[in-house]
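Note that the numbering used here has the sequence shown beginning at 1, numbered continuously upward. Comments concern the structure below.
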Amino acid sequence: MTATGTILGSAVGDALGAPFEFGPEGAFTRRFPAPGHGGEMCGGGGWDPGEATDDTQMAVLVGESLIARGGLELPDVFDRFRRWAAADPKDIGLQTEAVLTSGDPWDLAAALHFQSNQRAAGNGSLMRASASAVFFAPCGREGSMSAARRIAALTHGDRAAWEGTAILHDLIRVALLGQDPLTALPDTLDAVHPDHRARYAGVLADDWHPDLATEFNGAVWPCLGSAVWALRTTDSFEDAVRAAIDLGGDTDTVAAVTGALAGAVYGDTALPARWTEPLHVPLPGFGERVLRAAELTDLAVRLTERRPAGEGPAL
């Protein structure tokens, strides 16, 4: 099932990449040179083997809000984020933390932070998009991309983050239809805000390579570009995620985005059991809950069973 592949794939990439975050290029392959031999869910850097990070935790919170509310209620999503942030998660992006702990209202917090900081084009909204991409896929390109922008804007005031998240939503939507998201890129880019279209066209081009990035891959543009590059230059879920982690830098998020895309393309049966079996997602602030592959699969099923109640105004 490609929806399950999207949710599980993102979580698997996140958990695999976390121990290698901020490390050098090629560290994953140097440690695990032969694919298929196991041990890759190694843990380290403060993470237990198979433990997913804030990327997956926030994706789960979005998904559970969509299911509970039968659609997108932004105040509810923000409240879940804020409850989670207050519980001292192991990892949380600096900008996301600043917005969620500011005490400002849900509809002003990110914008006020951006006004004073002028830096909000990180990949923190991109990393959590797997669940919402699955849920809004039936809404078509316009509806899904609009929803992505609105969810991204809860924590990121820079429209660049909104547009990157919207692109990822649409590429996953296309893959869930059984079509090639890479072939659909020109149409997806046509739906991007004109002020941001050219820059995304550059990092999503056939001849772009992560070495050409002008920012650290914690920024939204090279993060998304690297995920698309990993999908384009490999021919399996496993190889795509390995390629993403081997880029170094923000390895958990680049691999989470890659895993969501590759999982949507190849489906859940392409995910190695040795990666899904140790996978677990703690949810700080929500009791002692820990979601494993079975619970993430159930989340994916429930997301596909609930039709969006409406997307609201476009952004």
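Think of the CB as a built atom: it goes at the ideal place given N, C-alpha and C, for glycine as much as any other residue.
Under the three-state reduction of DSSP, which class applies to residue i: helix, strand or coil?
i, result
"E311", "A caution first: E311 carries a pLDDT of 46, below 50, which makes its placement in the model too unreliable to give a value."
"L296", "helix"
"L291", "strand"
"V192", "coil"
"W106", "coil"
"A153", "coil"
"A230", "helix"
"T214", "coil"
"Q394", "Only positions 1 to 315 of the chain appear in the structure, and residue 394 is not among them; the question remains open."
"W208", "coil"
"H37", "coil"
"L271", "coil"
"F22", "coil"
"S130", "helix"
"E73", "coil"
"G93", "coil"
"R306", "coil"
"D246", "coil"
"S116", "helix"
"G143", "helix"
"A87", "coil"
"G17", "helix"
"T101", "coil"
"D252", "helix"
How many angstroms separate the CA atom of residue i from the CA atom of residue j?
i, j, result
"G45", "G23", "10 angstroms"
"G312", "G143", "Residue placement at G312 cannot be trusted, given a pLDDT of 43 that sits under 50; what the coordinates show is reported in the next sentence. Roughly 9 angstroms between the two C-alpha positions."
"G17", "A227", "13 angstroms"
"G38", "F286", "32 angstroms"
"D48", "F136", "32 angstroms"
"N117", "R80", "24 angstroms"
"R306", "R30", "43 angstroms"
"D250", "R69", "32 angstroms"
"M145", "A166", "4 angstroms"
"A160", "V62", "20 angstroms"
"A262", "G5", "8 angstroms"
"A27", "I172", "28 angstroms"
"I67", "A131", "10 angstroms"
"R119", "D158", "7 angstroms"
"T233", "V203", "14 angstroms"
"A260", "D76", "24 angstroms"
"W221", "H196", "10 angstroms"
"E21", "A191", "32 angstroms"
"H328", "A201", "Outside the shown range of the chain (1 to 315) lies residue 328, about which nothing can therefore be said."
"T304", "A270", "20 angstroms"
"M123", "V174", "One detail in the question is off: residue 123 reads as Asn in this sequence, not Met. Approximately 21 angstroms, taken between the alpha carbons."
"L185", "D206", "10 angstroms"
"R302", "A293", "14 angstroms"
"G71", "P33", "44 angstroms"
"E288", "Q57", "13 angstroms"
"A152", "V241", "24 angstroms"
"S65", "D211", "38 angstroms"
"C42", "D268", "21 angstroms"
"D239", "V99", "36 angstroms"
"T254", "A244", "It should be noted that the sequence gives Val, not Thr, for residue 254. Taking the straight line joining both Cα atoms gives about 6 angstroms."
Based on DSSP bridge pairs, tell me the residues matched to residue i.
i, result
"P186", "Bridge partners of P186: none, in fact."
"H280", "E51, R292"
"G44", "W47"
"A219", "G122"
What's the call for residue i, buried or exposed, on a 16-neighbour Cβ count within 10 Å?
i, result
"H169", "buried"
"L231", "buried"
"P35", "exposed"
"D55", "buried"
"D252", "buried"
"L94", "exposed"
"F237", "buried"
"D107", "exposed"
"G9", "buried"
Within the 8 angstroms Cβ cut-off, does residue i reach chain C?
i, result
"R150", "Among the chains in the structure shown there is no chain C, since it carries only a single protein chain."
Report yes if the CB atom of residue i is closer than 8 angstroms to the CB atom of residue j, and no otherwise.
i, j, result
"V12", "M127", "no"
"P284", "P89", "yes"
"L291", "A15", "no"
"W275", "E40", "yes"
"I7", "L296", "yes"
"A121", "A213", "no"
"S125", "T101", "no"
"L176", "A264", "yes"
"S224", "R150", "It should be noted that the sequence gives Leu, not Ser, for residue 224. Not in contact: L224 and R150 (Cβ atoms no closer than 8 angstroms)."
"L182", "N217", "no"
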